[in-house]
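Q: Oh and the sequence shown: position 330 is 329 in numbering that gives the first Met the number 0, straight run, nothing missing. Note that the Cβ used here is the ideal one computed from N, Cα and C, for glycine as well.
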Amino acid sequence: MNFENEPNQESSELPNEGLSQNAAQILGTDAASPVASPVASPAASPAVIAQSATRLPGVHTGNNDCIELRRLHRFFGKTRAVSDISFGVQRGHVFGYIGPNGAGKTTSMRILATLDLPSYGDAFIDGLSVVNDPELVRRRLGFMPDSFGTYRDVNCVEYLDFFARAYGLTGSERNERLKWVLGFTGTEKMADKPIRGLSKGMKQRLCLGRALVHNPSVIILDEPAAGLDPRARIQLRKMIRELAQQGKTVLISSHILTELAEICDSVGIIEQGQLLATGTVNEIQQQRQNQRELTIRILNDAAKASNELAVKIGCAPPLVDGDLIRFEFDGDETGQADLVTWLVGQGYAVAEITAHQKSLEDVFLQVTEGLVQ
Numbered sequence: 000m001n002f003e004n005e006p007n008q009e010s011s012e013l014p015n016e017g018l019s020q021n022a023a024q025i026l027g028t029d030a031a032s033p034v035a036s037p038v039a040s041p042a043a044s045p046a047v048i049a050q051s052a053t054r055l056p057g058v059h060t061g062n063n064d065c066i067e068l069r070r071l072h073r074f075f076g077k078t079r080a081v082s083d084i085s086f087g088v089q090r091g092h093v094f095g096y097i098g099p100n101g102a103g104k105t106t107s108m109r110i111l112a113t114l115d116l117p118s119y120g121d122a123f124i125d126g127l128s129v130v131n132d133p134e135l136v137r138r139r140l141g142f143m144p145d146s147f148g149t150y151r152d153v154n155c156v157e158y159l160d161f162f163a164r165a166y167g168l169t170g171s172e173r174n175e176r177l178k179w180v181l182g183f184t185g186t187e188k189m190a191d192k193p194i195r196g197l198s199k200g201m202k203q204r205l206c207l208g209r210a211l212v213h214n215p216s217v218i219i220l221d222e223p224a225a226g227l228d229p230r231a232r233i234q235l236r237k238m239i240r241e242l243a244q245q246g247k248t249v250l251i252s253s254h255i256l257t258e259l260a261e262i263c264d265s266v267g268i269i270e271q272g273q274l275l276a277t278g279t280v281n282e283i284q285q286q287r288q289n290q291r292e293l294t295i296r297i298l299n300d301a302a303k304a305s306n307e308l309a310v311k312i313g314c315a316p317p318l319v320d321g322d323l324i325r326f327e328f329d330g331d332e333t334g335q336a337d338l339v340t341w342l343v344g345q346g347y348a349v350a351e352i353t354a355h356q357k358s359l360e361d362v363f364l365q366v367t368e369g370l371v372q
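#1: Flag this pair as yes or no: are the beta carbons of GLY98 and ILE255 separated by less than 9 Å?
#2: Which residue or residues does DSSP assign as beta-bridge partners of GLY87?
#3: In three-state DSSP terms, what is VAL129?
#4: Within 10 angstroms of its Cβ, does LEU298 collect 16 or more other Cβ (buried), or is it exposed?
#5: What residue does the beta strand (DSSP E) around TYR388 start on, and which one ends it?
#6: Enumerate in chain order the residues of its own chain whose CB-to-CB distance from MET238 is below 6 Å, with the five nearest sequence positions on each side excluded.
#7: Would you tell me roughly how many angstroms separate the C-alpha atoms of ASN131 and ARG73, rounded to the nearest one?
#8: Which same chain residues end up closer than 6 Å to LEU342 when comparing Cβ atoms and leaving out the 5 residues on each side of it in sequence?
#9: With a CB to CB cut of under 7 Å and the five nearest residues on each side skipped, what residues in its chain are close to VAL319?
#10: Might you give, ordered along the chain, the residues of its own chain that have their beta carbon closer than 6 Å to the beta carbon of SER118, omitting 5 neighbours on each side?
#11: Quick one: residues in its chain with C-beta nearer than 8 Å to the C-beta of ALA80, no 5 flanking neighbours on either side, listed in chain order?
#12: Of all the options CYS314, VAL88, LEU275 and GLU351, which has the alpha carbon lying nearest to the alpha carbon of ILE218?
#13: For ASP160, which of helix, strand or coil comes out of DSSP?
#14: Is there contact between the segment 243-254 and the segment 171-179, where contact requires at least three CB pairs shorter than 8 Å?
#15: Suppose you measure from the CA of SER82 to the CA of SER265; what does that come to, to the nearest Å?
#16: Less than 9 Å separating the beta-carbons of TYR96 and ILE251?
#17: Applying the criterion that 16 or more other CB atoms from any shown protein chain within 10 Å of the CB defines a buried residue, is THR279 buried or exposed?
Written as structure tokens, this is what we have:
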């Protein structure tokens, strides 16, 4: 479908009116009454109980993992899309999947969503194998792909109602889920508006609602912030954290690494189908902190101090900006203190020293150095 000519801005002029008769009939709501926005999700349907499939030998990722990949491989002919990936995500955590286009993120997510099969290995959602128990997995999982089609000529509530029925929701349970999803995603005022008239941001909200309509325990979001304006991205981050607070497990990929650092409990860096690093943002930063950028403020002859520092630590002359010297330094806090002591001993007036922590972007570039072309 071509959405190029559709509006790109959120509409702020839609009144909070009652629903159309058709939307009201689907929701079981009085057409004169606006749709309510419940505070919390209604209780889930009785969980499907099943035994976990026999797992392949490999690194155990933890008993509390709602998402688990075990020695996952996927080949397309001779092309290696995913190579021996293993990691787990705990219940109620948000996991950020980081990597450039073609790194293997979407392939991994499609396998988790039972839309593709691994060439070797397995993945598990709530202990259920995506290979052996795909139908049961789909009841536990909500998937929002990086590209999606919507039915342009139906309204929002009809669209969500279709998927609720496809998941087997009936009667009051279905109506309650639809009301909750519309309220949670902020699309209740749009309930009877045709999809063709929605902005990009509202369509993203609607498709997130589609992934939530059956109240899954695990949610997979592939580039959900792509193309959104700053306000819409902030609102999306808030919704993701609220889902985690409800106990849902979220796997999200994004190119906006600063935003992932804000909302994720842990991250994984993937490149050329290989998982290069995984852990909390702080853990990964600490693993790469042996070399950090130091800024030293010297009140007398910073240029001369820069040249002497280069000889002392064996590097190119540090960058000088007025009375500031900036350079990469291999060493811990003790090494920094020794460096300051040496500078003072050489007669330089050291007024300040600052060690800059590497950002998630810095870590990503360092981890993938030599792989990303």
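A: In this structure, then:
#1: Position 99 of the sequence shown, counted from the start, is the residue given in the question as residue 98. Position 256 of the sequence shown, counted from the start, is the residue given in the question as residue 255. For GLY98 and ILE255, no; Cβs fall outside 9 Å.
#2: What you label residue 87 is simply residue 88 of the sequence shown in a count that begins at 1. DSSP lists GLU67 as partners of GLY87.
#3: In the sequence shown, residue 129 corresponds to position 130, counting from 1. Here VAL129 sits in coil by DSSP.
#4: One-based indexing of the sequence shown puts residue 298 at position 299. So LEU298 ends up on the exposed side.
#5: Nothing can be reported for residue 388, as the shown portion of the chain is limited to 0 through 372.
#6: Looking up residue 238 in the sequence shown gives position 239. So the list is empty, once near-sequence residues are dropped.
#7: Looking up residue 131 in the sequence shown gives position 132. Looking up residue 73 in the sequence shown gives position 74. The straight-line gap from Cα to Cα measures roughly 17 Å.
#8: By 1-based counting over the sequence shown, the position of residue 342 is 343. Excluding sequence neighbours, LEU342 sits near VAL349.
#9: If you number the sequence shown from 1, residue 319 lands on position 320. Result list for VAL319: ALA301, ALA302 and SER305, in chain order.
#10: Stepping through the sequence shown from its first residue, residue 118 is reached at position 119. Correct list, in chain order: HIS72, ARG73 and PHE74.
#11: For the purposes of this step, residue 80 is taken as residue 81 along the sequence shown, with counting starting at 1. Within the same chain, ALA80 has close Cβ partners ARG73, PHE74, GLY103, THR106 and GLY272.
#12: Along the sequence shown, one-based indexing puts residue 218 at 219. Measuring from the Cα of ILE218, the nearest candidate turns out to be VAL88.
#13: Your numbering for residue 160 matches position 161 in the sequence shown. Helix at ASP160.
#14: no
#15: One-based indexing of the sequence shown puts residue 82 at position 83. One-based indexing of the sequence shown puts residue 265 at position 266. Taking the straight line from one Cα to the other gives about 21 Å.
#16: Along the sequence shown, one-based indexing puts residue 96 at 97. Along the sequence shown, one-based indexing puts residue 251 at 252. A contact, by the Cβ cut-off of 9 Å.
#17: Taking the first residue of the sequence shown as 1, we reach residue 279 at position 280. So THR279 counts as exposed.
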